[in-house]
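Single-structure report; data block below.
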Amino acid sequence: PKAELQASVELVAKKIPKRVKRKRAVRTEEGGEAGMEEYWDYIFPEESNAAPQLKLLELAYQHKRQKTGAEDAA
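612 is the number of the first residue of the sequence shown in the working numbering; add one for each residue after it.
Okay, here's the thing in structure tokens:
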């Protein structure tokens, strides 16, 4: 019974998300930058394997949208 309990505890411990402090840009209603905001994000072990490649791709798309949005406004 103790071995089964220990195995169950280890299984659950592997699934606990990690708490990470991140920063993001804060924008005003007019669209200007108002500084940076810190927030807590949770990274789940199931998501962490694919995250680096997807995050880079997501940031590239976001940057492209911001550039095209800035050009459209000008």
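For each residue, glycine too, the CB sits at the ideal point set by N, CA and C.
Let's see if you can read the secondary structure: which residues bound the beta strand (DSSP E) around Glu-648? On the sequence shown, position 37 is the one that residue 648 refers to. Segment 644–654, the beta strand (DSSP E) holding Glu-648.
What is the rounded straight-line gap between the Cα of Gln-664 and the Cα of Glu-658? The count along the sequence shown starts at 1 and reaches residue 664 at position 53. The count along the sequence shown starts at 1 and reaches residue 658 at position 47. Looking at the two C-alpha atoms, the distance is approximately 11 Å.
Please state if the CB of Glu-644 and the CB of Arg-638 are separated by a distance shorter than 8 Å. Within the sequence shown, the letter at position 27 stands for residue 638. Within the sequence shown, the letter at position 33 stands for residue 644. For Arg-638 and Glu-644, yes; Cβs fall inside 8 Å.
Report the residue from Thr-679, Glu-641, Glu-640, Asp-652 whose alpha carbon sits nearest the alpha carbon of Arg-630. Counting from one through the sequence shown, the residue named residue 630 turns up at place 19. Comparing Cα-Cα distances from Arg-630 to each of Thr-679, Glu-641, Glu-640, Asp-652, the minimum goes to Asp-652.
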